[in-house]
Every structure is written in C-alpha cells, then in structure tokens.
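A quick write-up on the structure given underneath.
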Amino acid sequence: MATRAKTGKKLVIVESPAKSKTIAQYLGAGFEVDASMGHIRDLPQPSDLPAELKKSSVGKFAVDIEHGFEPYYVVSPDKRKKVAELKAKLKDADELYLATDGDREGEAIAWHLLEVLKPKVPVHRLTFPEITKEAIQRAMAELRDVDESLVDAQETRRVLDRLYGYEISPVLWRKIASGLSAGRVQSVATRLVVERERERMAFRTADYWDLLATVAPQVPGGGSANDGGAAQRFQARLASVDGKKVASGRDFDDRGRLTAKNAVLLDEAAARALAEGLESAPFAVRSVEEKPYTRRPAAPFTTSTLQQEAARKLRFSARVTMQVAQRLYENGYITYMRTDSTALSDQAVSAARRQASELYGPDFVPSRPRVYASKAKNAQEAHEAIRPAGDSFRTPAQVAKELRGDEFRLYELIWKRTVASQMEDAKGSTATVRLGAIAASGEAAGRDAEFTASGTVITFRGFLAAYEEGRDEVREDTEAGSAERGDGGRLPVLAKGQALDALELAANGHQTSPPPRYTEASLVKTLEERGIGRPSTYAATISTIMDRGYVRSRGNALVPSWIAFSVVRLLEEYFHDYVDYDFTAEMEEDLDRIAAGEQAGSDWLSAFYFGEEGKPGLTTIVNGLGEIDAREVNSVEIAPGIVLRVGKYGPYLEKPLPADAPEGTAPERANVPEDLAPDELTAEKALELMENSGPEERVLGTDPLTGHTVVAKNGRYGAYVTEVIAELTPEQLAAQPVEYYKNGKPKPPKKPAKVKPRTASLFKSMSIDTVSLDDALKLMSLPRALGKDEEGNVITVQNGRFGPYLKKGTDSRSIGSEEEIFTITLEDALTIYAQPKTRGGRAAPAPLAEFGEDPESGKPIVVKEGRFGPYITDGVTNITVPRATPIEELTRERAIELLAEKRAKGPAKGPARRSGGGGTRAKASAK
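Going by our numbering, the first residue of the sequence shown is number 146, and it counts up by one from there.
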C-alpha cells in the first residue's frame, strides 16, 4: 500500500470558534485550527435507542448496567456535519493536536474526538491555562497523551447523573407533578434553600432595647461640650447594667428565647427610665484599649469566589458571570475560568508585583511574594487562579477600547483582585473605649450603666488602595452592624478617668432578624465549603433549580416554591442519603480518586447502583420504596386546622373536613398568592386568606345555545367563569360515524378531540358571589369584534391580565375601563387608532403591567408598548420583553432580573467612540 505523501499540515481542534480564532494568531505556518463546537457526542434518550437495544441491559439508561456500566454514545444530530468536516480536514493533516480545555470535561471532549475521528496520524494533547503566545509556546513543549483517568472520572460523573436522575425523577412525577427532576447536586442545592426557608418559618422574633449615647470630651475651663467640634463627638452603645451584660440580638435563639446567662433584658420602660436617669449623671472614661489592626488581601479568584464577588459587586448571576468569563478567556484576556486553585504562576506573581509597584509605589509590595492555598473542601490544584492573561498584565485602561459593558467590568474586577493579592497588608489601629455613669434620678437611680465604642484608623491602606472584597448579608450584631452599634469610626484621643458630656441619650428598640435567605453568591459559597459538586457546574445548577420552578429570585434573594418543599420532603424521607450533604461531598471525593487513577469508575458505579457490603444501592432503594402517600408529601400544616397542599395548579390552603361531615361535602379552600413567599404565609395570613376566599365554585346556570353548564370558580390567577363540557358517554361514542379502511374493514372508533371550554376572567367589579349567568355569557363571548377599518383590518376589544384593550393585527391600544368592553363602538375605536401611539398631546397609555419599585433604582417598574414590542423599564433602564415570555406570564421577579442583567451589560455597543467617562463609570461600579 502506497504511503500518503506528507502535506505539512497540522490540525488543531479546540471547543469554540472564538478560541480557535485567538489561537490561530499565535501558531506558525502549517497549522489549521478548527472548533468541535463543544461535545460531539453524548448519551441519547433511551427512547432514541435502536430497537434491538431497548430491551437489553442498555435500554433503561443508554448505559450497559450489566457490563461495566459502559455508556452507549451517539454523535449528536446537530454535530454530524461538523464531524464530517473534521474528518475531511484530518485526511489532509500529518498530525492532530487536541487543544480542548484542561479540565475533566475538556479531557472527555478530546477523548470523544479520538474515538470518533479515529486518526491514523500522530496525536498530541496540549492544554494551556491562558490563550497567549507564551502559554501556547510552553504548551507545545509539554505535549502529552489523553489522560484516561480524567476521562474515566468525567464518564463516571455523566453516568452517575443519568442513573440518579432517571431513577429518582419518575418518583417525583408520580407523587408530585410531571416535569420535575432530581439531580445529584441540584436536589441538594434545593434542599439548602428550602431548609433556610424552614428556619425562617420557624423563627420567632424577640424584642430588646438598649441605649445609644452621643458623647464628647468635656471642654477645659468648664465650657459646654456642645461648644466642641463635631470631630470630638462619638457614639457609644450600652454594654452592661450593674455589671451584667445587656442582651442583644445574638443572645437569642431562633425561637425568640434568651440564651445568654446573666444577661439583662431591657424592655422599653426600663430603657427609657435608664436614659432619663442618666441625663444629669456625670460620664467618664473607664478604660481605653488600643490594638494594632492588620487586614490581609483576599486570594486570587477561583471559579466559586469569582461568581460570589461578581454577584455582590456587579449584580451578575452565576450564569452571566461564567458566560462573560468564557468570552474573556477565549479572546485571550484572562486565564481559564474553571478552577479551584488560588495559586499564581511565577510569571503572574512577578507581573502582579511589578504592576502594584508601578501603580501604587514600592512600599505597597511586600518583600516576598504571597502564596495562597485553597481552603475549599475537595479543592483541585490542577490549574492556576483566574487572573489577567499574559506574563505582563494589561490594565483596565489599556483594554477599555477593546472591552465594553459587562466584559470590561468583569476584567477590571479580576485585574484588581489579582494585583491586590500581591500587595501589602492594610495596617492601622483599633481603639476600644469603655465609659460609664451612675443614674442620678428617677426609677433607675443608682444603676451603673457602662457603654462601649470602638474605632479603627487605617494608617497604611496597602492592598485597599486597589481592591476591597465584598460581603454577603449578615444578621444583627455582626461586622456589618458595627456602624449602627456606634463602632467603626475614628475616636478622639481619650484617657482613663477623662470626663465626658452626654449630648444625647436615645432609647432604641430592636427586633431579632431571621437568618437571611441565600443569594446566588452565598449559595455558591456554601456549596463549595461543603464540597458539594464542582464550582464549574454551580452556574448550571442554579439555573436548573430556577428553570424547574424550585427557586425564584426576589431581588438578590433566592425564595423556594412550595413544590420545592414537596420535592425536598419526599427526597429526605425516601432517598435520605442522596440529599445528605456529607454523602454528596463523599461522592465528589470518590470522583476525585477516580480522576487520580486510584479507583476504577465502573467499580464505583456498580457499588453505587447495586450496593456493596450490606449497603443498599440506588436500585434496591427505588425498588423497595413501598407505598408513598402523595397527599401527605404534598401537605404542610400552616396553622391548627389549616393545611397547605401542593396541587396540580399550584398551592392552596384547605381546612380538613370533620369526621362527621356529610358525604360529598367539599372542604373549604383558598388559593395562595403566587408572589407570597413561604415564610410570609403565617398562621394569621392563612386565616385571612381563608376568610376572604369566598366559595370555590358556584353554578350559574345553563347556556341556552350550547346546553353547557356555566360555573364561576376561584383559580390560581383569580376568579373566572367557564363552561363544563361533559365527556361523551360510551353510548354516544358508539353512535359516532364509522370510518373504513380501503379494504372495507371498519376502523377502530376514535375518541373525539377534547373541546376546550370557553373561559374568561371576572371583571374587577365582579365576584363569584355576585356574577350572573348573563354576565358570564357576555364575558365568554370575548373578544368582541367591532368591525373593520378602511384597510380591512379587523378590530377587536378584549380583556387581558393587565386590563382592557383594543387589538388590530399587532397594534394594541389600552382603553379606559372594563365596562367599556361592551359599550365601545367601531367609531370610538377608529378615533383611538387615528391618534399617534406616541404620547403626543394626550395622556400616555396605561402600562401593560406594573410591578412596584425596583430594589436597585427605587423607581417604579412598568411594562410598556414600544416601537419594537413591549419592554420593561424603571425610567432609567429599558429591556425588551423576551419573545418567549408572554406578558401575561411575566412576573415581578423576572422583570427585576432582566433589568439587573441589562444594567450589568452596560450600554449597547455603537459606532461612536467610547468616551473617557465610560471607563470611570465601570471602575466606580466595581468598588
């Protein structure tokens, strides 16, 4: 057989076109770079398997559970063309370079390419932490083979997720609702959010009081303290009374019980009496303690900490953060963005130290480089931290003309964090002062009150000159509350025994606060600290639990749905280990051992699925579930005699019937508002909803034209009327016309298509108790055709979720009131359409929807009709309503999220040159 002539071509395959374009700039002649567009093959749906495999040991999961859990992979239909292109290019190449990412997923993509392309030329595997000329040159000098252990770990993870989801999800479908899913990490993340909401529901507030004193050193010569400068004044909070600590928020448990021993709990009367008694009492400094203050910089970014900080400072979701970081990496601006490591290469350390010295001065750089070790459980040190790319860093000012909006802001954040990580500590001093007085009059006379104040003075900013890490929401009496407690500011020079004047004494009441809900940032932090999942998958996990309806966002907070309560309860009771935090973390450790070549993936999967050494496997647990009481799983007691149930159409409240209720009696029910968070459904609120619920259903009569019964009902979105269309009886079905095949044999009788009943929402002025049959028939007749305009376009009037409106093709116009729906004429409609849709000389049309104030801008959020369709605005930021989202289904939370994402992206790119002010805004927003 003749040997193929050498062509001198070398084929390099990466995952994405952007990455291939950047790499191509740094490779010499003869290299051709192409992208696989991600994974080229995956596990198919079992329903798509060939017929001969569906009844085999592969049929249930597309994984051969009887032969080493061998996956059955297929090339994705949308990748067949790409695979053919790669094969054609490989025919003309002398060498193949697989340059996919260096993590487990990237290694698996490289392996799949090998398996599908079956190259007959030398194959080289190379990885690089950044797409720069220097990094690619180093990678070319360190070529290797595909790492089979990393591939085994990734395959094991993929098969594990298939086993977990395909065994447990069907149980959720049968017992809760169709379309739900269970996942190794998503179910645990959902449980964390639900558990936090349970804590908030069980929380009971406690009241406590204290005093806040505004004092100043007495002026020498007997002058009034009020004559002193404002800089001499400071605030101090009451710390003890008669030597006993004054109770504060941290001294109560979540049931509102005081747990601190020997603590004094002040009520309003005692606090006011003490304040009154201290008004004429002489105050003096009792002690002054000063300590040096040192604060170290945060480590460079990992995937997890980048997601957390971008959420805090830039208001990015985890998904947006990873999307932006991916673009920055592929275009050569930052290093690889999926990493657990906080380490920097020697070149990066030198670059950061050099840049810090140039920008802030040599005094801001320590004598020796800083070295960081990852603190997260199960951290992998295979990669570098996320940092600016290159052996020398480009400053934000240097990339401002190349990067816009969210890309610029994220790059700036990464640059600041990296440079700051190699800078000196911030230094200063913290002074703590104790001052006191003895009440001189009133009911509190003779009581000794001691106050404390502390202040920190930064004498050397160090790394703070470049960057300061953000913080998550915390509960009372923590660092975030220091200013409220009279702490944190600069104190005047004080000495023990020095006399003070009390300028003001205020008695303040407080309530303990429940544990804060998770935000995306704090959820990511908790998952990483517990070792659950991999940081590279957290963005997808959070997106999944939101898309499934388990969690929704309210501002930055994550609020679980009632269906999430049902899912978590079922999993806790019947699949406890599979949502156990430690068990899930141990699975991650096992996957790490497989990646290190210490264990075979097939052996581990066998133990997980079939069990070992007396420990049942997943299949044993699923097959031995027994009877699950779906009603019980979907029920939560809210108050004595009131139960919340999760039904097919959402959550509702129900009062169980007494034992002696007549047969056929319907229980009293009330719908739960969609925007009501679980912890807001208190016993009092439940009683209010039950009292205001009205009848569940009322028969209004029979439609004389159709003979259908018309009823008024309470639904998930409010009261409505509908017609009841009875299904055909067996006799009626038998009387249907018979159809025949061509050979003369009769066809089996077809069940007629189900007729959709007419339905209409009640007007705001109507109720189930008062609506009549005539009202209902008129409502169900909508939309009402008014006629045609001169061009022949039909004009209709109808009612929508956001009020009555006219419709002509795609042109909608709001009208004044619901009652006008039945009185407005064609002439009235033509008059309205004759006016320009812009605001012109008449009042602006009513918004399509209103969602209250935006938590960031404080301005009202409304949905308006625009030139290019409906859009959401708070008067400052505008964002078009996604085409896939009907206005009727748009929620307040989704509107807030869309506005936040638009702000994060910054102004749209335009042909005009970027002004200098743009960089300043981006820089300021990241502080």
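The beta carbon of each residue, even a glycine, is placed where N, CA and C say it ideally should be.
Counting C-beta neighbours from all protein chains within 10 Å, is the total for arginine 635 16 or more, i.e. buried, or is it exposed?
By the neighbour-count rule (16 or more Cβ atoms within 10 Å), arginine 635 is not buried but exposed.
Leucine 873, buried or exposed, once every other Cβ within 10 Å from all chains shown has been counted against 16
So leucine 873 ends up on the exposed side.
Can you list, in chain order, the residues of its chain with a C-beta nearer than 7 Å to that of tyrosine 865? Leave out the 5 residues immediately preceding and following it.
The answer, listed in chain order, is Lys858, Thr904, Ala905, Ser906 and Leu907.
Would DSSP call glycine 422 helix, strand or coil?
Helix at glycine 422.
On the three-state DSSP scale, how would you describe phenylalanine 348?
Correct three-state label for phenylalanine 348: coil.
Consult DSSP for proline 507 and reduce its assignment to one of helix, strand or coil.
Proline 507 falls in the helix class under three-state DSSP.
Which residue wins for smallest C-alpha separation from serine 462, given the options Val781, Ser688 and Asp820?
The candidate whose alpha carbon is nearest that of serine 462 is Ser688.
Do you know whose CA, among Ser201, Thr350, Asp774 and Pro427, lies nearest proline 659's CA?
Just measuring C-alpha positions, the residue of Ser201, Thr350, Asp774 and Pro427 sitting nearest proline 659 is Thr350.
Using a Cβ-Cβ cut-off of 6 Å (strictly less than) and excluding sequence neighbours within five positions of arginine 843, which residues of its own chain qualify?
By the criterion of a C-beta distance shorter than 6 Å, arginine 843 is surrounded in its chain by Ala857 and Ile913, once the five residues flanking it on both sides are discounted.
Beta bridge counterpart(s) of valine 269 as assigned by DSSP
According to the sequence provided, residue 269 is histidine. The question's valine does not apply to it. Looking at the DSSP output, histidine 269 shares a beta bridge with Tyr242.
Residues of its chain near alanine 150, where Cβ-Cβ distance is below 7 Å and the 5 sequence neighbours each way are ignored
Residues of the same chain with their beta carbon placed closer than 7 Å to that of alanine 150 are lacking, with the five preceding and five following residues left out of the count.
Given 8 Å, three or more beta-carbon pairs between the region 532 to 545 and the region 383 to 403
At 8 Å Cβ cutoff, the stretches do not touch.
How would you call aspartate 1019, buried or exposed, if buried means at least 16 neighbouring beta carbons within 10 angstroms?
Residue environment analysis places aspartate 1019 among the buried positions, since at least 16 neighbouring C-beta atoms fall within 10 angstroms of its C-beta.
When you compare each of Leu295, Pro705, Arg579 and Leu609 to threonine 597 by their alpha carbons, which one comes out closest?
The candidate whose alpha carbon is nearest that of threonine 597 is Arg579.
Spatial neighbours of histidine 257 within its chain, please: C-beta separation below 8 Å, excluding the five flanking residues on both sides.
The residues are His184, Ile185, Arg186 and Tyr218.
If I measure Cβ to Cβ from glutamate 344 and keep anything under 8 Å in the same chain, skipping five residues before and after, which residues do I get?
Asp399, Pro659 and Pro660, listed in sequence order.
Count the CB pairs spanning the region 446 to 462 and the region 597 to 608 that are closer than 8 Å, and state whether there are at least three.
The answer is no - the region 597 to 608 does not touch the region 446 to 462, with fewer than three Cβ pairs under 8 Å.
Enumerate in chain order the residues of its own chain whose CB-to-CB distance from glycine 1055 is below 7 Å, with the five nearest sequence positions on each side excluded.
Reliability of the predicted coordinates at glycine 1055 is poor, the pLDDT of 43 falling under 50, and no value is obtained from them.
With distances taken between CB atoms, is the gap from lysine 890 to glutamate 884 smaller than 8 Å?
No, the pair does not count as a contact, with Cβ atoms beyond the cut-off.
For a minimum of 4 consecutive residues, which ranges assigned as the alpha helix (DSSP H) are wholly contained in the region 573 to 603?
Listed in chain order, there is nothing to give.
How about valine 1021 and proline 1015: do their beta carbons lie closer than 8 Å?
Annotated as distal: valine 1021 and proline 1015, with beta-carbon spacing of 8 Å or more.
Quick one: residues in its chain with C-beta nearer than 7 Å to the C-beta of leucine 672, no 5 flanking neighbours on either side, listed in chain order?
For leucine 672, where only same-chain residues beyond five positions count, the Cβ hits under 7 Å are Ala334, Gly678 and Tyr683.
Based on DSSP bridge pairs, tell me the residues matched to leucine 176.
According to the sequence provided, residue 176 is phenylalanine. The question's leucine does not apply to it. Beta-bridge annotation (DSSP): phenylalanine 176 is paired with Lys155.
Boundaries (first-last residue) of the alpha helix (DSSP H) holding glutamate 674
Membership of glutamate 674 in the alpha helix (DSSP H) is indicated by the continuous run 665 to 675.
From what residue to what residue does the beta strand (DSSP E) around lysine 164 run?
Where lysine 164 is concerned, there is no enclosing beta strand (DSSP E), although the alpha helix (DSSP H) it sits in stretches over 162 to 169.
Bridge partner(s) assigned by DSSP for glycine 213:
When DSSP reads this structure, glycine 213 sits in no beta bridge, so it has no partner.
Can the beta-carbon of glutamine 380 be found closer than 8 Å to that of leucine 357?
Pairing glutamine 380 with leucine 357 gives a Cβ-Cβ distance under 8 Å.
State buried or exposed for glycine 631, treating a residue as buried only when at least 16 other CB atoms are found within 10 Å of its CB.
Low local confidence applies: a pLDDT of 42 at glycine 631 is under 50, so the model's placement there is unreliable, and no value is given.
In this structure, how does DSSP classify histidine 721 when only helix, strand and coil are distinguished?
DSSP places histidine 721 in the helix class (H, G or I) of the three-state scheme.
With DSSP collapsed to three states, give me the class of alanine 921.
Looking at alanine 921 - three-state DSSP - the assignment turns out to be helix.
In terms of alpha-carbon separation, which member of Thr764, Asn701, Leu703 and Ala740 lies closest to tyrosine 723?
Distances from the alpha-carbon of tyrosine 723 to those of Thr764, Asn701, Leu703 and Ala740 put Thr764 closest.
To the nearest angstrom, how far is it from the Cα of glutamate 1046 to the Cα of asparagine 1023?
If I take the Cα positions, the gap works out to 11 Å.
Just the C-alpha distance for arginine 515 and glutamate 734, rounded to the nearest angstrom, thanks.
Those two C-alpha atoms are separated by around 28 Å.
Beta-carbon proximity list for alanine 644, same chain, < 6 Å, skipping 5 on both sides
In its chain, beyond the 5 residues on either side, Gln363 and Ala429 have a beta carbon closer than 6 Å to the beta carbon of alanine 644.
N- and C-terminal bounds of the alpha helix (DSSP H) containing glycine 954:
Taken as a continuous stretch (DSSP letters only), glycine 954 belongs to no alpha helix (DSSP H), as it is neither H nor E.
Could you tell me which residues DSSP puts in a beta bridge with serine 698?
In DSSP, serine 698 forms a bridge with Leu703.
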